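> Below you will find the structure I want to go over with you.
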Amino acid sequence: MDWKDSLGALLNSGAIPEAEETEFPNTEKENNASTSSAKGVVNVIYERKGRGGKPATILECRDLDDRQTRELAARLKSALGIGGSARDNEILLQGDQRHERLKTILKKEGFRIKGIK
């Protein structure tokens, strides 16, 4: 008799009370629902000026506050495996990131891409 059978027998005998389903305010279902709704528009810009010739991709996130912008930047940098920074509702990603991976990640996060320049 393994531990699953032992627990099943205890549960059936009534020695262990069954757990009731409780609703917590921050459940996974609510988090998924909030990410599926549109969070705003992101404008994607590619730049090389003023950076010593090094390419950079800039995301303008006007619908987010400073904390949300930093959190999105952290998720994007981690998912893409690159460096970057966030400030003043802009996310700077190192390199040319105007490819499908960035678009897919932003759409999954609930953002609409306004334009890629």
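Residues are numbered in my numbering as their position in the sequence shown, beginning at 1, plus a constant of 125. Beta carbons: idealized from backbone N, C-alpha and C, even for Gly. In this text, all values refer to a predicted model and were calculated from it rather than measured experimentally.
Between Ala102 and the rest of its own chain, which residues show a CB-CB distance below 6 Å, the 5 nearest in sequence each way excluded?
Since the displayed the chain opens at 126 and closes at 242, residue 102 lies outside it and no answer follows.
> Under three-state DSSP, which class holds Leu217?
Position 92 of the sequence shown, counted from the first residue, corresponds to residue 217. Reduced to three states, the DSSP call for Leu217 is strand.
> What number of angstroms, rounded off, separates the C-alpha of Asp130 from the C-alpha of Leu136?
Within the sequence shown, numbered from 1, the residue matching residue 130 stands at position 5. Within the sequence shown, numbered from 1, the residue matching residue 136 stands at position 11. C-alpha separation (whole angstroms): 10 Å.
> Would you call Ile216 buried or exposed, if buried means 16 or more other Cβ atoms sit within 10 Å of its Cβ?
Stepping through the sequence shown from its first residue, residue 216 is reached at position 91. Result: buried.
> Closer than 6 Å by C-beta to Ala158: which residues in its own chain qualify, once you throw out the five before and the five after it? Chain order, please.
Translated into positions along the sequence shown, residue 158 becomes position 33. The predicted position of Ala158 is uncertain, since its pLDDT is 43 and thus under 50; a value taken from the coordinates is nonetheless stated next. Here the set comprises nothing.
> Could you give the DSSP three-state label for Ala211: helix, strand or coil?
What you label residue 211 is simply residue 86 of the sequence shown in a count that begins at 1. Reduced to three states, the DSSP call for Ala211 is strand.
> Are there 16 or more other CB atoms within 10 angstroms of the CB of Gly209, so buried, or fewer, so exposed?
The residue labelled residue 209 in the question sits at position 84 within the sequence shown. Per the 10 Å Cβ criterion, buried.
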